[in-house]
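Position one of the sequence shown corresponds to residue 525 (the working numbering), numbered consecutively onward. We treat Cβ as the ideally placed atom computed from N, Cα and C, and that holds for glycine.
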Amino acid sequence: MSKICSLCGTHNDDNATACAVCGAAFDELVAEFAPAESNPTPAPQAVKPSERKPGFIFIIKKNIIPISAAVAGILFLIILISCVSAGGGYRSVTKKTVEYCYKSQKYDKMPKLTSRIVRDSFEERFNEQADEELSEKFENTFEYYVGYFENELESSNYSIKYKIEKEKNLSKTKREEVLRKYINEDELKDYKLVKEVDVTVTAKKGPYSEEQNLILYLVKEKGSWKIIDVAAGF
């Protein structure tokens, strides 16, 4: 059986690799005129940078890591401290933390609301600059979270609300784990109560909203709840 050239119609030998008249290669002709697949499976396409969701990496709630290992997009375990006036409870502490760190961003107020445990730790390291260092710690940390809201909502004009999801007193093991960052082993016995308060902070702009999660660790000092640490993230 001879090979028929699809270009000029010339009959060629079966073993011919090209048409004897027009010179067209049979392999090229087969490839050029082969029927296309009726329903080819499209190759997977990478997401264009412009189509990716802006903002930082989302982490599953409660996956808290120490601040020394924290990076952008993952949860931070930060030295975030606040206190409540005498007679106040954990709800008042929560309200002040959200107000100063998310709403008014008055970080310079936070040193005065700091647990004595942490203030002593900062004073040992920074002396008269302790309050300034504490303020800077708050500012550097919450600029990241406030910036996330602004980035996701594409605006700096949004409302902030919060909700206390739950609160509980920590077990002895967990309580001592939190306290050991600031006090010596022989001082642990002086603090019998540390509370964990889980909070959801929501930023809303029109029909759009974004959430962040805070976990406040409160220590009882002279009858008042004061924040000794806060784990924050998305």
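Note on geometry: alpha-carbon atoms of Ala549 and Ala542 lie some 4 Å from one another. Contact between Ile684 and Ala727 holds, with the beta-carbon distance rounding to 6 Å and staying under 8 Å. Met634 and Phe662 have their alpha carbons spaced roughly 8 Å apart. Note that the C-beta distance between Glu720 and Ile751 is not below 8 Å. Assignment of beta-bridge partners to Thr726 by DSSP yields Lys685 and Glu735. Each residue's CA atom was taken as its position, placing Ala654 and Glu678 some 35 Å apart.
Listed in chain order, the non-local C-beta contacts of Tyr732 below 7 Å within the same chain comprise Leu677, local neighbours out to five positions each way being set aside. Minimum Cα-Cα distance from Lys729 among the listed residues Val617, Leu658, Gln736 and Tyr682 corresponds to Tyr682.
In this structure, the straight-line span from the alpha carbon of Lys744 to that of Leu717 is close to 6 Å.
Under DSSP, no beta-bridge partner is assigned to Glu663. Note on geometry: alpha-carbon atoms of Leu742 and Cys625 lie some 17 Å from one another. One Cα belongs to Lys713, the other to Arg704, and the distance between them is close to 11 Å.
One thing to note: Val725 has its Cβ within 8 Å of the Cβ of Val622. Residue burial is scored here from C-beta neighbours: Asp753 has at least 16 other C-beta atoms within 10 angstroms and is therefore classed as buried. With 16 or more other Cβ atoms inside 10 Å of its own Cβ, Phe666 counts as buried. The beta carbons of Tyr669 and Ala756 sit closer together than 8 Å. Under the three-state reduction of DSSP, Ala549 is assigned to strand. In this structure, the CA atom of Glu734 is about 7 Å from the CA atom of Phe673.
In its chain, beyond the 5 residues on either side, Ile688 have a beta carbon closer than 8 Å to the beta carbon of Arg615. Between Lys698 and Ser680, the alpha-carbon positions lie close to 37 Å from each other.
Sequence-distant Cβ neighbours of Asn539 in its own chain, meaning closer than 6 Å and more than five residues away, do not exist here.
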